[in-house]
Amino acid sequence: KKEAGMSLGSTGGSDEDDADAGVLPEDEVLDRRKKAVEALPPVDHQGKEYPNVSRWPYVPHPEVSKMTEAEVRAFNKEKLISATGQGVPRAVATFDQCCPPLALKEALKHAKFEKPTPIQCVAIPAVLSGRDVMAIADTG
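If you count by full-length UniProt numbering, then the sequence shown holds residues 1 to 140, one letter each, in order.
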């Protein structure tokens, strides 16, 4: 089990290595969190034109689509997944079921990620569907 504390992307080494890599020491990060932050000025959106945001239409993987409601409930129960909202996409069991682009598949394979964590099982399809997600998990 990992020690309690904050991981800032460092893979080990000395504090000097962290300074060279642009990683802040944990106590400095905590000090910055306590610092008062000025409120941003309000933005007047009247009359502003914003570009259309095109979303990648998420299409559930055939293996996910063919699952029965009982199978979905059993999977969610096994993984301790609880998701609420309207039209919540079904959770996936593998990264391949997320239908990621080839570059992402290769990056996951290179990083030796074998399967998604429970929170990723449900959050990835929701995010790919263009949904807002607020998630809480032991894994972060």
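Ideal Cβ placement from N, Cα and C applies to all residues, glycine included. Note that the structure is predicted; figures quoted are calculated from it, not measured.
Leaving out the 5 sequence neighbours to the left and right, which residues in its chain are closer than 6 angstroms to residue i when beta-carbon positions are compared?
i	result
V72	R90
A135	I119 and A123
Whose C-beta lies closer than 7 angstroms to the C-beta of residue i among residues of the same chain, with five residues either side of it excluded?
i	result
S65	none
A126	V88, P89 and V133
E63	Q97
Got a sec, what are the start and stop residues for the alpha helix (DSSP H) residue i sits in?
i	result
F95	Element bounds for F95: n/a, residue is neither H nor E.
A107	L102 to H110
residue 150	Nothing in the structure corresponds to residue 150, since the chain is present only between 1 and 140.
E71	E69 to E78
Would DSSP call residue i helix, strand or coil?
i	result
V133	coil
V64	helix
Q120	helix
A21	Legend: pLDDT at A21 = 46, less than 50; position of this residue unreliable, no value from coordinates given.
L40	coil
K34	helix
A126	helix
Work out the CA separation of residue j and residue i for me, nearest whole Å.
i	j	result
C99	T117	16 angstroms
T94	V133	19 angstroms
T68	K77	14 angstroms
L102	E38	42 angstroms
P60	K112	24 angstroms
S82	C121	11 angstroms
K35	P42	21 angstroms
F75	V53	33 angstroms
Q46	T139	41 angstroms
Closer than 8 angstroms by C-beta to residue i: which residues in its own chain qualify, once you throw out the five before and the five after it? Chain order, please.
i	result
E114	none
A107	none
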